[in-house]
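Colleague:
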Amino acid sequence: MKIAAKVTSAALVGGRYQVNLKRLWRAQKNLSGSRNSRREQLAARRAKISRGLTPPRLKHLGSDLDGTLSLALNSHSLGRSRLELYRFLRDQVPLLNSVIWTWVRLCASPYQYQTVSRTDDATQARIAEVIHNLDQRIHRNGLMQLGGFRELLIQYFESLFTDGSVCGELQLTPSRRQVDRFLMADMRTIEIDANGETYTLYQRDGDHRTLLNPTTTFYYGLNSQPGDPRGESLLKAVPFVSRVEQALVSDMNRAMRSSGYQRIHVKITPPEKQTGEADSDYINRANSYFDDTVEMMRDFGPEKNPVTWDDVKIEYIGPSSRTSSNNAWYMNHKSMIEEICAGTHLAPFMLGYAYGTTHNWAEFKYELVQRQVLTVQNAATSLLNWIANVELALQGINAEVRFSFENRAHVGLTDRANAEKTQIENIIKLLDSDLITREQAQRELERIR
């Protein structure tokens, strides 16, 4: 009825009705033109991304399981040897295995994403569907067909902390309409060549080298230097100390094998010579008695007890106090453990060692580690953002998402809640006193969250 009334009133004024129709046609034409312009911009963006994402070049080369493959980290043989050493230490030394395991699981915490700009509910639902489908196929290694971002992050940080760097390629489906997967590279196959101020990545397969596309390849080196982007392994500072620690364990093992003591000394009193016994018979009898005692001691297990005449004495050889000896070994081993923990930026209690750490110090150290975790996760969030936004562009969605990690721990929740409560109350007081604007208050609240 309202529309009809407007048309009738417009018709009453004669030529104005035709003018209004012309304006309406122009508005519809402009609206259609703006929609077409947005479609053209999105199509151009998708085409630009598709052009940069060339066919896959990175290959999934099998690991050196039988020791017959000749693999390379880069052009430096020293770097190849170090990488093999780091992997050996990670796999064979329990403490260093725990270090890598702990760092990987600390950094690969639960993640979430949010859109950068405002979108309607339909677009949000479409984004959620696209990200979910991408998560089902993004990381496949042949055995695990539905490995998602979670498994990708675990392998990402495993390579980062062990090898000191991580590399992978974003690969599209044959139709080039969506992302197929992100293929992680074995860092033993990656080589870096310096070209002036830039660097070029290659993958070596035997005698053949493949140039990797910089548009589709992701590379990040841990603690890399301006003149050396390869990165540094977390284990770089600990191989020598780890060798000393393992030597201590080996020495203690060999020293404690003898019936639970470091050393025992068996003394046998020679039997008395009988009257009229020939010297040869006496010697044979004494040697036979000696051999029987030695044979008994050889079969002497921890659950057995020796039964002899009172002419056999078993004495302990070592320091005057067994407790002091064990304490000395414990203190030496503890110092080596602390040196390794310092080199890997962790605390002993985070690796399962109980050295009487106070509760406050443990909380402070854990908070310090969490701050280090945030700095390491920055490159991982950049990788996730890049993968997800490329997929959204290929799917025709004009929006971007931003990933973040959830690192809130359950330690000290009450203290943090009280601190946040105090900060919020202070912001409200400043706002009520007109000392800050509403926009400033909103930014402060977002910073607290």
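Reading the sequence shown from the start, the letters are residues 2 to 450 in this note's numbering.
Ideal Cβ placement from N, Cα and C applies to all residues, glycine included.
Determine the closest residue to residue 271 out of 284, 378, 349 and 212, with distance taken between C-alpha atoms.
Modeller: Of the candidates 284, 378, 349 and 212, the one whose C-alpha sits nearest the C-alpha of residue 271 is 284.
Colleague: Can you have a look at residue 183 and say buried or exposed, based on whether 16 or more other CB atoms are within 10 angstroms of its CB?
Modeller: By the neighbour-count rule (16 or more Cβ atoms within 10 Å), residue 183 is buried.
Colleague: Go through the region 125 to 169 residue by residue and report every complete run of the alpha helix (DSSP H) that reaches 4 residues or more, in order.
Modeller: For the region 125 to 169, whole alpha helix (DSSP H) runs of length 4 or above, ordered along the chain, are 150 to 164.
Colleague: Can you name the start and end residues of the beta strand (DSSP E) that residue 185 belongs to?
Modeller: Note, residue 185: beta strand (DSSP E), 180 to 185.
Colleague: How would you write the range of the alpha helix (DSSP H) that residue 443 sits in, first residue to last?
Modeller: Taken as a continuous stretch (DSSP letters only), the alpha helix (DSSP H) holding residue 443 covers 439 to 449.
Colleague: From which residue to which residue does the alpha helix (DSSP H) around residue 1 run?
Modeller: Any property of residue 1 remains undetermined from this structure, which presents the chain solely from 2 to 450.
Colleague: From which residue to which residue does the alpha helix (DSSP H) around residue 100 run?
Modeller: Per DSSP, residue 100 belongs to the alpha helix (DSSP H) from 95 to 108.
Colleague: Rounding to the nearest angstrom, what Cα-Cα distance links residue 265 and residue 295 in this structure?
Modeller: The straight-line gap from Cα to Cα measures roughly 13 Å.
Colleague: Find the nearest neighbour of residue 213 within the set 130, 194 and 448, judged by alpha-carbon distance.
Modeller: Out of 130, 194 and 448, 194 has the C-alpha closest to the C-alpha of residue 213.
Colleague: To the nearest angstrom, how far is it from the Cα of residue 293 to the Cα of residue 276?
Modeller: Each residue's Cα considered, the two are about 23 Å apart.
Colleague: Counting along the chain, where does the beta strand (DSSP E) carrying residue 115 start and finish?
Modeller: Looking at the DSSP string, the run of the beta strand (DSSP E) that includes residue 115 is 112 to 116.
Colleague: I need the straight-line Cα distance from residue 160 to residue 169, nearest angstrom please.
Modeller: Taking the straight line from one Cα to the other gives about 11 Å.
Colleague: In its own chain, which residues sit with a C-beta less than 7 Å from the C-beta of residue 88, not counting the 5 before and 5 after it?
Modeller: Excluding residues within five positions, the ones whose Cβ falls inside 7 Å are 163.
Colleague: Check whether the Cβ atoms of residue 347 and residue 370 lie closer than 8 Å to each other.
Modeller: Contact flag set, yes.
Colleague: Inspect the CB distances between the region 392 to 409 and the region 115 to 124 and report whether three or more fall short of 8 Å.
Modeller: The answer is yes - the region 115 to 124 touches the region 392 to 409, with three or more Cβ pairs under 8 Å.
Colleague: With a Cβ-Cβ cutoff of 8 Å, do residue 109 and residue 139 count as a contact?
Modeller: No, the pair does not count as a contact, with Cβ atoms beyond the cut-off.
Colleague: Are residue 418 and residue 428 touching if we call contact CB-CB under 8 Å?
Modeller: Their beta carbons are not under 8 Å apart, which means residue 418 does not touch residue 428 by this criterion.
Colleague: On a CA-only basis, which of 220, 189, 218 and 196 is nearest residue 205? Give me that one, please.
Modeller: Checking every option, the nearest Cα to that of residue 205 belongs to 189.
Colleague: When the distance is taken between beta carbons, is residue 116 closer than 8 Å to residue 128?
Modeller: Yes.
Colleague: Can you give the Cα-Cα distance for residue 201 and residue 166, rounded to whole angstroms?
Modeller: Their backbone Cα atoms lie some 15 Å apart in a straight line.
Colleague: Going by the DSSP bridge assignment, what does residue 172 pair with across the sheet?
Modeller: Residue 172 pairs with 182.
Colleague: With distances taken Cα to Cα, identify the nearest neighbour of residue 176 among 430, 433, 423 and 396.
Modeller: Measuring from the Cα of residue 176, the nearest candidate turns out to be 396.
Colleague: Determine the direct distance from the alpha carbon of residue 335 to that of residue 153, and round the result to whole angstroms.
Modeller: In a straight line, the C-alpha of residue 153 is about 35 Å away from that of residue 335.
Colleague: For residue 407, which option in 300, 100, 301 and 375 has the closest C-alpha, if you only look at C-alpha atoms?
Modeller: It is 375 whose Cα lies nearest to the Cα of residue 407.
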